[in-house]
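Asks: For what it's worth, our numbering labels the leading residue of the sequence shown as 5, then goes sequentially.
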Amino acid sequence: MSVLALAACAGAPTPIPDSGSAGARLYAERCSACHSLPHPARHTPAQWEHLLGVMERHMAERGMGPLAPEERRRILAYLAAHAR
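1) Who are the Cβ neighbours of T48 in its own chain at under 7 Å, not counting the five residues just before and after it?
2) Does DSSP put C35 in a helix, a strand or coil?
3) Please classify P19 as buried or exposed, where buried requires at least 16 other C-beta atoms within 10 Å of its C-beta.
4) Just how far apart, CA to CA, sit Q51 and Y82?
5) Helix, strand or coil for R61? Go by DSSP, reduced to three states.
Okay, here's the thing in structure tokens:
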């Protein structure tokens, strides 16, 4: 699964859709601290759900604060709205 997570983050950054929305801003704020932002259309909603869990484990391993439940919900809602 780590390969899938790395593949999600590889490549040149592309602009994310609806970048001024609260969901996009939260996605950028919480996720770009460690890696470039993969475009939401790179994955399905189910894949995003899995990948977010993988990223949360990486965050914990690095001693970073966890996502609050509302942050997690808003990020997943944003990603699902723009997923493939």
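Note that CB positions come from ideal geometry on N, CA and C, so glycine has one too.
Replies: Taking the geometry as given:
1) A87, R88
2) helix
3) exposed
4) 14 Å
5) helix
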